[in-house]
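Q:
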Amino acid sequence: IANLQLYLTVYRSDLREMAILKRGASINSYSIVRSYQLRENINLMTMFTRITIPFLSACAPEFVFYPVYTFIPAGSGHDSLRYFSIALYDLWMTIIAIVTIISVPLCQPQIAKHMPPGPLRYSFFAE
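For what it's worth, my numbering labels the leading residue of the sequence shown as 81, then goes sequentially.
1) In the DSSP assignment, the alpha helix (DSSP H) including Ile64 goes from what residue to what residue?
2) Tell me where the alpha helix (DSSP H) around Pro147 begins and ends.
3) Taking the beta carbon of Arg96 as the centre, do at least 16 other beta carbons fall within 10 Å, making it buried, or is it exposed?
4) In terms of alpha-carbon separation, which member of Ile100, Ser156, Ile133 and Leu168 lies closest to Arg119?
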């Protein structure tokens, strides 16, 4: 929760700084490098925000499998359920990796533009 708050604070401050720079340059505060850095920060944070929804939906089932393995005691007659849940947990880690790799080009149009033709070249978001 603290990381989310820090993320939102930095994102909002970057947006505020960019709005100040768009109003007009003052003598002591304008820098081309700074404006490009702010724009890049905002683009990356927007990409992370767009990836959050598919990533969290892919992570949710994982929080069911591991507690089933943890809370059922070993040797209680439900060992097959324990082993099945930990196997699904391991499988789900692979699924999360695949969803993350697929979500990046789909959620960020600039990355999707530079990919070779194929199903991952298209983006969920219009530019």
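Just so you know, even glycine gets a beta-carbon here, dropped at the ideal spot from N, CA and C.
A: Let me lay it out:
1) As displayed, the chain neither begins before 81 nor continues past 207, which places residue 64 out of reach and without an answer.
2) As a working mapping, residue 147 is identified with position 67 in the sequence shown. Start and end: Glu142 to Phe151.
3) The sequence position of residue 96 within the sequence shown is 16, counting from 1. Answer is exposed; the Cβ neighbour count stays below 16.
4) Walking along the sequence shown from the start, residue 119 turns up at place 39. The residue with the shortest Cα to Cα distance from Arg119 is Ile100.
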